[in-house]
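Visitor:
Protein chains: 2
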Amino acid sequence: MPRRRTTWDTVAIVGVGLIGGSIGLALRERRLAKHVVGVGRNTARLAVAKRRGALTSTTTQLSRGVADAQLTVVCTPVARIVADVRAVADVCPAGALITDVGSTKQEIVAALDGRLDREVQFVGGHPLAGSEKTGAAQARADLFDGRVVVLTPTRRSGREDVEALSSFWSAIGAQVRTMSADAHDRVLAVTSHLPHVLAAVLSSVVRCDELPLTATGWADTTRIAAGDPEMWTQILSSNRGRVVQALARFQERLDAVRKNLEDEDAAALARFLSQAKRNRDALGS
Amino acid sequence: MPRRRTTWDTVAIVGVGLIGGSIGLALRERRLAKHVVGVGRNTARLAVAKRRGALTSTTTQLSRGVADAQLTVVCTPVARIVADVRAVADVCPAGALITDVGSTKQEIVAALDGRLDREVQFVGGHPLAGSEKTGAAQARADLFDGRVVVLTPTRRSGREDVEALSSFWSAIGAQVRTMSADAHDRVLAVTSHLPHVLAAVLSSVVRCDELPLTATGWADTTRIAAGDPEMWTQILSSNRGRVVQALARFQERLDAVRKNLEDEDAAALARFLSQAKRNRDALGS
Numbered sequence: 162m163p164r165r166r167t168t169w170d171t172v173a174i175v176g177v178g179l180i181g182g183s184i185g186l187a188l189r190e191r192r193l194a195k196h197v198v199g200v201g202r203n204t205a206r207l208a209v210a211k212r213r214g215a216l217t218s219t220t221t222q223l224s225r226g227v228a229d230a231q232l233t234v235v236c237t238p239v240a241r242i243v244a245d246v247r248a249v250a251d252v253c254p255a256g257a258l259i260t261d262v263g264s265t266k267q268e269i270v271a272a273l274d275g276r277l278d279r280e281v282q283f284v285g286g287h288p289l290a291g292s293e294k295t296g297a298a299q300a301r302a303d304l305f306d307g308r309v310v311v312l313t314p315t316r317r318s319g320r321e322d323v324e325a326l327s328s329f330w331s332a333i334g335a336q337v338r339t340m341s342a343d344a345h346d347r348v349l350a351v352t353s354h355l356p357h358v359l360a361a362v363l364s365s366v367v368r369c370d371e372l373p374l375t376a377t378g379w380a381d382t383t384r385i386a387a388g389d390p391e392m393w394t395q396i397l398s399s400n401r402g403r404v405v406q407a408l409a410r411f412q413e414r415l416d417a418v419r420k421n422l423e424d425e426d427a428a429a430l431a432r433f434l435s436q437a438k439r440n441r442d443a444l445g446s
Numbered sequence: 162m163p164r165r166r167t168t169w170d171t172v173a174i175v176g177v178g179l180i181g182g183s184i185g186l187a188l189r190e191r192r193l194a195k196h197v198v199g200v201g202r203n204t205a206r207l208a209v210a211k212r213r214g215a216l217t218s219t220t221t222q223l224s225r226g227v228a229d230a231q232l233t234v235v236c237t238p239v240a241r242i243v244a245d246v247r248a249v250a251d252v253c254p255a256g257a258l259i260t261d262v263g264s265t266k267q268e269i270v271a272a273l274d275g276r277l278d279r280e281v282q283f284v285g286g287h288p289l290a291g292s293e294k295t296g297a298a299q300a301r302a303d304l305f306d307g308r309v310v311v312l313t314p315t316r317r318s319g320r321e322d323v324e325a326l327s328s329f330w331s332a333i334g335a336q337v338r339t340m341s342a343d344a345h346d347r348v349l350a351v352t353s354h355l356p357h358v359l360a361a362v363l364s365s366v367v368r369c370d371e372l373p374l375t376a377t378g379w380a381d382t383t384r385i386a387a388g389d390p391e392m393w394t395q396i397l398s399s400n401r402g403r404v405v406q407a408l409a410r411f412q413e414r415l416d417a418v419r420k421n422l423e424d425e426d427a428a429a430l431a432r433f434l435s436q437a438k439r440n441r442d443a444l445g446s
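In structure tokens, the structure reads:
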């Protein structure tokens, strides 16, 4: 089955929430796929995504949903991805490509790379896009515009597959980067999982009587703590070791700042805040 | 000099940055003061605020600036407020009211309450509004809309003065709360100063090569780290003891979460994330 670089005949999306729904909307709006089949367990949620124009058809039967798909994107929660990719591999056409959008990669890639029985390929992926809001009702065709998508191929991955997947994400607006699953998880522990833990701890230590005296600073800093607890339990658990390392790195610096305060060392405090500002300014708003 | 509840003849603003400029814009736009005099050391910055319509006149001479002011709002950095209020008290009209907008209150109120020589009154204040962006060019007439302003009167404060100040802030859109300077600083250590330290530490631990793999979560969580380092050094220093206590409260909870991760206790992790989400959801976006 030849893969076309920029347009696809049939793409299947397994798990149609914010990410899956947004992929569907982007594909449909840019006319990149003739058929976008949504596969899920909840017909009401599938109906929402179809009504919004993200899908051309829906089914609760995986074998029907992926039967004609040259590409299947597995968008289910992290803890289910390995089983779902295996299930897709058992029923999709020979030569088909499977990818995922899981926030952690090492466990998933280790379990799947070179371990699928049939003539199908899996290449891991992770779009760094999302929101504390979830569900297909929140999906947006421009969710991936200018966002980074990390692909985590291995030496077993076919170059053509990686290129096809890279074109897929580029076509819906993303900037594609390629790195090992290990490197991905190490960096994301610091840039994504650590902030989530901190936001949640900050949110949890504020008492009800203190909440009225929060302002935009607290609101910004804790926003992601509104994310789905079940989803984040899975993400943090599946990258446990590296998250603990990131926490240690954070705690060491926090201890130093606390000591600056206790020592009334205003000069050290100012140096620290200036360096933090330089890092933050490098990103832009 | 009688104080009118809703409109003022002359209000002086000492230090015309984001907050001072926004007060001026709000007063002028709502026609709450005939004259709004800006006092500062930098004529170029004063000119920006005047050009934007926040001020009716400007001066670098404090004695000229506050000569006719029934109300003077001191909007200088925290470390300068005590000296600036004393200087205003020496030259403003008898019977005049002075307030400030400093982010910490205990040190300032302790230094000024009942300690001004002449027949002028000081009541501390703190609008919980602001931004990592600073300067009069960023000022907005609606900066205080729906924001909380805390007033910190003492038993020495005149009821009429507190009411006048309360009307002043209400008239420009704020919700006024009254509490002791001590209570203010204890709560703000948790809701404002702690988030600032965490955002700055998070920003400072991310390395350059990791920065491209940050997404909206990191951006939100670190946004306030772009704030003015000098200003924040002063705020943190002047509330040192309570910030250290808030850090201890945070670190204790963070240690517990880290232990949940190390122990692979997914159930405890999920409970913690759910509680954090409930707290965050209570605030709204």
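Heads up: the protein sequence lines correspond to chains D and B, in order. Numbered per the working numbering, the first sequence spans residues 162 to 446. Numbered per the working numbering, the second sequence spans residues 162 to 446. Ideal Cβ positions, reconstructed from N, Cα and C, are used throughout, including at glycine. It should be emphasised that the depicted structure is a prediction, and the values quoted were computed from it without experimental measurement.
The stretch 314 to 331 of chain D: which residues have C-beta closer than 8 Å to a C-beta of chain B, in chain order?
Guide: Those residues of the stretch 314 to 331 of chain D that come within reach of chain B (Cβ to Cβ, closer than 8 Å) do not exist; the list is empty.
Visitor: D/ARG401: buried (16+ other C-beta within 10 angstroms of its C-beta) or exposed?
Guide: Against the first sequence, residue 401 of chain D aligns to sequence position 240. So D/ARG401 ends up on the buried side.
Visitor: When you compare only the Cα positions, how much space is there between B/VAL284 and D/ALA290?
Guide: Along the second sequence, one-based indexing puts residue 284 of chain B at 123. Along the first sequence, one-based indexing puts residue 290 of chain D at 129. Near 47 Å, if we compare the C-alpha coordinates of D/ALA290 and B/VAL284.
Visitor: Specify, as a first and last residue, the run of the alpha helix (DSSP H) that B/HIS345 falls within.
Guide: Locating residue 345 of chain B in the second sequence gives position 184, where the first residue counts as 1. Its alpha helix (DSSP H) spans residues 342 to 349.
Visitor: By Cβ distance below 7 Å, which residues in the same chain neighbour D/TRP393 in space, the five residues on each side in sequence not counted?
Guide: Position 232 of the first sequence holds residue 393 of chain D. Cβ neighbours of D/TRP393 beyond the five flanking positions: HIS357.
Visitor: So what's B/ASP493 in DSSP terms, helix, strand or just coil?
Guide: Residue coverage of chain B in this structure runs from 162 to 446, which leaves residue 493 of chain B outside it and unanswerable.
Visitor: Closest Cβ-Cβ distance between D/LEU430 and chain B: below 8 Å?
Guide: Here residue 430 of chain D refers to the residue found at position 269 when the first sequence is read from its first residue. So yes, D/LEU430 belongs to the interface.
Visitor: Consult DSSP for B/GLN436 and reduce its assignment to one of helix, strand or coil.
Guide: For the purposes of this step, residue 436 of chain B is taken as the residue at position 275 of the second sequence. Of the three classes helix, strand and coil, the one that applies to B/GLN436 here is helix, per DSSP.
Visitor: Rounded to the nearest angstrom, how far is the Cβ of D/ILE422 from that of B/LEU363, given a contact under 8 Å?
Guide: Here residue 422 of chain D refers to the residue found at position 261 when the first sequence is read from its first residue. Here residue 363 of chain B refers to the residue found at position 202 when the second sequence is read from its first residue. The question names Ile, yet the displayed sequence has Leu at residue 422 of chain D. Actually they are not in contact, since the Cβ atoms of D/LEU422 and B/LEU363 sit about 17 Å apart, beyond 8 Å.
Visitor: Within 8 Å, do at least three Cβ pairs link the stretch 370 to 382 of chain D to the stretch 339 to 348 of chain D?
Guide: No, the stretch 339 to 348 of chain D is not in contact with the stretch 370 to 382 of chain D.
Visitor: Compare the C-alpha of B/ALA429 against each of B/ARG439, B/ALA437, B/GLY199 and B/VAL418 and name the closest.
Guide: The count along the second sequence starts at 1 and reaches residue 429 of chain B at position 268. Measuring from the Cα of B/ALA429, the nearest candidate turns out to be B/VAL418.
Visitor: If you measure beta-carbon to beta-carbon, which residues of the stretch 221 to 240 of chain B are closer than 7 Å to chain D?
Guide: Here the close residues number zero.
Visitor: Can you name, in chain order, every residue of its own chain whose Cβ lies under 7 Å from the Cβ of B/GLU293, other than the five neighbours on each side?
Guide: Within the second sequence, residue 293 of chain B is the residue found at index 132, counting from 1. Within the same chain, B/GLU293 has close Cβ partners ARG384, ILE385, ALA387 and GLY388.
Visitor: Can you tell me whether D/GLN222 is buried or exposed? The criterion is at least 16 other CB atoms within 10 Å of its CB, across all chains shown.
Guide: For the purposes of this step, residue 222 of chain D is taken as residue 61 along the first sequence, with counting starting at 1. When all chains shown are included, D/GLN222 counts as exposed.
Visitor: Assign B/PRO373 to one of three DSSP states: helix, strand, or coil.
Guide: Position 212 of the second sequence, counting from 1, holds the residue named residue 373 of chain B. Helix.
Visitor: Are the C-beta of B/ALA342 and some C-beta of chain D separated by less than 8 Å?
Guide: Counted from its first residue, the second sequence places residue 342 of chain B at position 181. So no, B/ALA342 is outside the interface.
Visitor: Provide the residue span of the alpha helix (DSSP H) that contains B/THR394, from first to last.
Guide: Translated into the one-based positions of the second sequence, residue 394 of chain B becomes position 233. Note, B/THR394: alpha helix (DSSP H), 390 to 399.
Visitor: Measuring CA to CA, which of B/PRO254, B/LYS211, B/GLY214 and B/ARG206 is closest to B/ARG225?
Guide: As a working note, residue 225 of chain B is residue 64 in the second sequence. Of the listed residues, the one whose Cα sits closest to B/ARG225 is B/PRO254.
Visitor: Answer with buried or exposed for D/ASN203, where buried requires no fewer than 16 other C-beta atoms within 10 angstroms of its C-beta.
Guide: In the first sequence, the residue the question calls residue 203 of chain D occupies position 42. Burial call: exposed.
Visitor: For the candidate residues B/THR377, B/ALA257, B/SER218 and B/ALA300, whose alpha-carbon lies nearest to that of B/GLU280?
Guide: As a working mapping, residue 280 of chain B is identified with position 119 in the second sequence. Here the closest residue by C-alpha is B/ALA257.
Visitor: Near D/VAL262, what residues of its chain come up, given a Cβ to Cβ distance below 7 Å and the 5 sequence neighbours on each side ignored?
Guide: For the purposes of this step, residue 262 of chain D is identified with residue 101 of the first sequence, where counting begins at 1. So the qualifying residues of the chain are ILE180, VAL234, CYS236, GLY286, HIS287 and PRO288.
Visitor: Using the three-state DSSP reduction, which class does B/THR102 fall into: helix, strand or coil?
Guide: An answer regarding residue 102 of chain B cannot be provided, because it is not within the stretch 162 to 446 covered by chain B.
Visitor: Can you tell me whether B/MET162 is buried or exposed? The criterion is at least 16 other CB atoms within 10 Å of its CB, across all chains shown.
Guide: Translated into positions along the second sequence, residue 162 of chain B becomes position 1. With a pLDDT of only 45 at B/MET162, under the threshold of 50, the placement of this residue in the model should not be trusted; the figure read from the coordinates follows. Its Cβ having fewer than 16 others within 10 Å, B/MET162 is exposed.
Visitor: Along the chain, where does the beta strand (DSSP E) that runs through B/ALA194 open and close?
Guide: Start at 1 with the first residue of the second sequence, and residue 194 of chain B comes out as number 33. That run of the beta strand (DSSP E) goes 194 to 200.
Visitor: If B/ALA210 and B/VAL177 are in contact, beta carbons under 8 Å, what's the gap, nearest whole angstrom?
Guide: Here residue 210 of chain B is taken as the residue at index 49 of the second sequence, counted from 1. Here residue 177 of chain B is taken as the residue at index 16 of the second sequence, counted from 1. With a Cβ gap of about 4 Å, B/ALA210 and B/VAL177 count as contacting.
Visitor: Beta-carbon separation of D/SER183 and D/ARG301 under 8 Å?
Guide: Taking the first sequence and counting its residues from 1, the one referred to as residue 183 of chain D is at position 22. Taking the first sequence and counting its residues from 1, the one referred to as residue 301 of chain D is at position 140. Yes. Within cutoff.
Visitor: Does the count of Cβ pairs from the stretch 328 to 337 of chain B and the stretch 304 to 316 of chain B closer than 8 Å reach three?
Guide: Contact between the stretch 328 to 337 of chain B and the stretch 304 to 316 of chain B is present, because at least three Cβ pairs lie under 8 Å.
Visitor: Exposed or buried, B/GLY275, counting other C-beta atoms within 10 Å across all chains shown (16 or more means buried)?
Guide: To locate residue 275 of chain B, count along the second sequence from 1; it is residue 114. Exposed: under 16 other Cβ atoms inside 10 Å.
Visitor: With 7 Å as the limit, tell me which residues of the stretch 397 to 408 of chain D have their beta carbon closer than that to any beta carbon of chain B; keep them in chain order.
Guide: Within the stretch 397 to 408 of chain D, the qualifying residues are LEU397, SER398, ARG401, VAL404, VAL405 and LEU408.
Visitor: For D/THR382 versus B/THR295, is the C-beta spacing smaller than 8 Å?
Guide: For the purposes of this step, residue 382 of chain D is identified with residue 221 of the first sequence, where counting begins at 1. For the purposes of this step, residue 295 of chain B is identified with residue 134 of the second sequence, where counting begins at 1. No; because the gap between Cβ atoms is not below 8 Å, this pair is not in contact.
Visitor: Assign B/ASP306 to one of three DSSP states: helix, strand, or coil.
Guide: Position 145 of the second sequence, counted from the first residue, corresponds to residue 306 of chain B. Correct three-state label for B/ASP306: coil.
Visitor: Is B/ASP442 buried or exposed, if buried means 16 or more other CB atoms sit within 10 Å of its CB?
Guide: On the second sequence, residue 442 of chain B is found 281 positions in, with the first residue counted as 1. With fewer than 16 other Cβ atoms within 10 Å, it is exposed.
Visitor: For a cutoff of 8 Å on Cβ pairs, would you count D/GLN412 as touching chain B?
Guide: As a first step, residue 412 of chain D is located in the first sequence; it is residue number 251 there, counting from the start. Yes, D/GLN412 lies at the interface with chain B (some Cβ there is under 8 Å from its Cβ).
Visitor: Could you have a look at D/LEU258 and say whether DSSP puts it in helix, strand or coil?
Guide: As a first step, residue 258 of chain D is located in the first sequence; it is residue number 97 there, counting from the start. Of the three classes helix, strand and coil, the one that applies to D/LEU258 here is strand, per DSSP.
Visitor: Can you find the residues in the same chain that come closer than 6 Å, C-beta to C-beta, to B/THR315, ignoring five residues on each side of it along the sequence?
Guide: Walking along the second sequence from the start, residue 315 of chain B turns up at place 154. Contacts found: ASP274.
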